[in-house]
Amino acid sequence: MGNFPRFGRGRRLTSPNATRVEAAVPYTNSEAGAQTRAVDRCGAMKRVASSHSIDDFGEDLDSFVTLSSFILTASTTCPSLAAKGHIKKEEETDLCILLQSVATSCKYIQNCVRKLGLANLSGKTQDLTTNVQGEQQMKLDVIAHDVFARGLDESKRCTMLVSEEEEDAIMCATSPHGRYVCVFDPLDGSSNIDCCVSVGSIFGVYRAKTLGVGDINDVLVPGKEMVAAGYCMYGSACTMVLTVGGNVRGFTLDPSLGEFVLTHPKIKCPPSGATYSVNEGNSRYWSAGMKRYVDHVKYDKESPHSLRYIGSMVADVHRTLLYGGTFSYPGDSKSPNGKLRILYECFPMAYIMERAGGAASDGTQRILDIVPTSIHQRHPIHMGSEEDVEEIDRFHREAEMEGK
Ligand code: AHM
Ligand code: MG
């Protein structure tokens, strides 16, 4: 790992010395155990193969579907999604290859996270580098960025990449299959990592407007134009949550198999919840609308909502997606645009939340309608259960009408 060459700063990813990305996930359980599992689940795998498209695949939890089999079977045996007007068959195949690369990168990062205190992977970079936002980079930030960038470049399905850890967009090696642009935060929440708090990778995929040609304007479009989005949470379990525009699915990494296994075939965010998640230490800087909303859930409800805030977006959003409630990083008088980056933090999470029946807004407009003007732009966000996000919007609207 230590010799991992860096990628980025607008360089083309064509180094002949580039090290290949490999999934270094240990197989800890006995082979016999893994074989039993494969035999037990064999019949189920046949049932899965008769599914119709990547979007109605693996609904049945009794079936044994890994992310790899989900992606590969969908790309080789399923009729095109074109019938649904979402993406064409050849685009779907290339998207599957791209997603496979992301999954491999996430397994690699998960492996590093698990070895954090053991393999000199914790702490800040030796030369105390900062990223474009002036934040101190952790060693794992740099490794995760390199793994994502190299894996996506080698997939030959991308024209361009945008990473939180690189100031400029990264142009990929030329490929006739380069039909996508991938934006990613390779390791979100990394400032918490040395105390073993859950962290995660976030990604979103856009179509390249011109095949094989990287263009920054391909990502300066509303988030609703994404074709896929996902995140991987390195928590008490390693969970990948993914949507290609249809259902939101959750896959949990089985460490004995080194495979993500479908565990949540159709994630739905509850319509309302009883938790709010926000850095309440900033409340003195909040707008009247935000203050009133939080007072409302604490004092006006029959029972007060619970505050849950990890300070690691992937973990806070994952909990909100599964249990309901809201996650907010609002703008305030100190940071009018909040903290989170629209392209690779807000958009992918908002896309997933909406696909799961939830909502995402900045208090006045839908997040996915916003058109970014620069790749590292920050934007306020509130997301989660639809009814709760509507309530946040209402409080913001009312305070604004009062001129507060
Ligand atoms: P990062 O991309 O530098 O890790 O920062 C983003 C993280 C999010 O995961 C989290 O929601 C937020 O920062 C927490 O910020 P704060 O400590 O201000 O509450
Ligand atoms: Mg981040």
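The numbers in numbering that gives the first Met the number 0 rise by one with no breaks, and the one at position 20 of the sequence shown is 19.
Quick reminder that beta carbons are idealized off the backbone N, C-alpha and C, glycines included.
{"query": "Would you say the stretch 228-244 touches the stretch 288-299, given that touching needs at least three Cβ pairs under 8 Å?", "result": "no"}
{"query": "In whole angstroms, what is the alpha-carbon distance linking Tyr195 and Ala314?", "result": "Just to set this straight, residue 195 is Cys in the shown sequence, not Tyr. Approximately 12 Å, taken between the alpha carbons."}
{"query": "Taking the beta strand (DSSP E) that Val204 falls in, what are its first and last residues?", "result": "Val198 to Arg206"}
{"query": "Can you list, in chain order, the residues of its chain whose CB lies under 6 Å from that of Arg354, leaving out five sequence neighbours each side?", "result": "Thr242 and Val247"}
{"query": "Output the boundary residues of the beta strand (DSSP E) element that contains Phe147.", "result": "That residue, Phe147, is in no beta strand (DSSP E); its alpha helix (DSSP H) goes Lys138 to Ser154."}
{"query": "Would Thr274 pass as a contact of His304 if the rule is Cβ separation under 8 Å?", "result": "yes"}
{"query": "Rounded to the nearest angstrom, what separates Ala359 and Ile142 at their Cα positions?", "result": "31 Å"}
{"query": "Cβ-heavy atom distance between Asn278 and the ligand AHM below 7 Å?", "result": "yes"}
{"query": "Any contact between the stretch 143-153 and the stretch 271-286? By contact I mean 3 or more CB pairs, one from each, below 8 Å.", "result": "no"}
{"query": "Does the distance between the C-beta of Glu258 and the nearest non-hydrogen atom of the ligand MG fall short of 7 Å?", "result": "no"}
{"query": "When the distance is taken between beta carbons, is Tyr343 closer than 8 Å to Val226?", "result": "no"}
{"query": "Whole angstroms are fine: how far does the CA of Asn119 sit from the CA of His144?", "result": "17 Å"}
{"query": "Of all the beta strand (DSSP E) runs that stay within the bounds of the stretch 211-245, which reach a length of 3 or more residues?", "result": "227-233 and 237-242"}
{"query": "Does Ser276 come out as helix, strand or coil in the three-state DSSP assignment?", "result": "strand"}
{"query": "Could you tell me whether any non-hydrogen atom of the ligand AHM is closer than 7 Å to the CB of Met348?", "result": "no"}
{"query": "Please list, in chain order, all residues of the same chain as Glu258 whose beta carbon is under 8 Å from its beta carbon, the five residues on each side excluded.", "result": "Thr65, Leu66, Ser67 and Leu252"}
{"query": "Got a sec: does the ligand AHM put a non-hydrogen atom nearer than 7 Å to the Cβ of Ser311?", "result": "yes"}
{"query": "Just the C-alpha distance for Ile380 and Thr372, rounded to the nearest angstrom, thanks.", "result": "17 Å"}
{"query": "Comparing alpha-carbon positions, which option in Ile215, Gly356, Asp361 and Leu321 lies nearest Lys338?", "result": "Asp361"}
{"query": "Give me the Cβ distance between Arg156 and Leu97, rounded to the nearest whole Å; I'm assuming they're in contact under 8 Å.", "result": "4 Å"}
{"query": "Mind checking whether the beta-carbon of Asp140 lies closer than 7 Å to any heavy atom of the ligand MG?", "result": "no"}
{"query": "When the Cα atoms are used, what is the spatial distance from Tyr322 to Pro269?", "result": "7 Å"}
{"query": "Glu163: beta carbon under 7 Å from a heavy atom of the ligand MG?", "result": "yes"}
{"query": "For Leu339, verify whether its CB is less than 7 Å away from any heavy atom of the ligand AHM.", "result": "yes"}
{"query": "Once DSSP output is grouped into helix, strand and coil, what is the label at Ser305?", "result": "strand"}
{"query": "According to DSSP, is Asp361 helix, strand or coil?", "result": "coil"}
{"query": "Bridge partners for Met352 per DSSP, in chain order?", "result": "Met352 pairs with nothing; no bridge assigned."}
{"query": "Check whether the Cβ of Leu224 lies closer than 7 Å to any heavy atom of the ligand MG, and answer yes or no.", "result": "The identity of residue 224 in the sequence shown is Glu, whereas the question assumes Leu. No, the Cβ of Glu224 stays beyond 7 Å of every heavy atom of the ligand MG."}
{"query": "Across which residues does DSSP place Ile169 in a beta bridge pair?", "result": "Leu160"}
{"query": "Of all Cβ atoms in chain D, is any one closer than 8 Å to the Cβ of Arg248?", "result": "In the structure shown, chain D does not exist; there is a single protein chain."}
{"query": "When we look at the beta-carbon of Leu367 and count the other beta-carbons within 10 Å, is it buried (16 or more) or exposed?", "result": "buried"}
{"query": "Using the Cβ count rule (16 or more neighbours within 10 Å means buried), how would you classify Glu401?", "result": "exposed"}
{"query": "Mind checking Val320: buried by the 16 CB within 10 Å criterion, or exposed?", "result": "The sequence as given places Leu at residue 320; Val does not occur at that position. Leu320 comes out buried."}
{"query": "Can you tell me whether Lys138 is buried or exposed, with buried defined as 16 or more other CB within 10 angstroms of its CB?", "result": "buried"}
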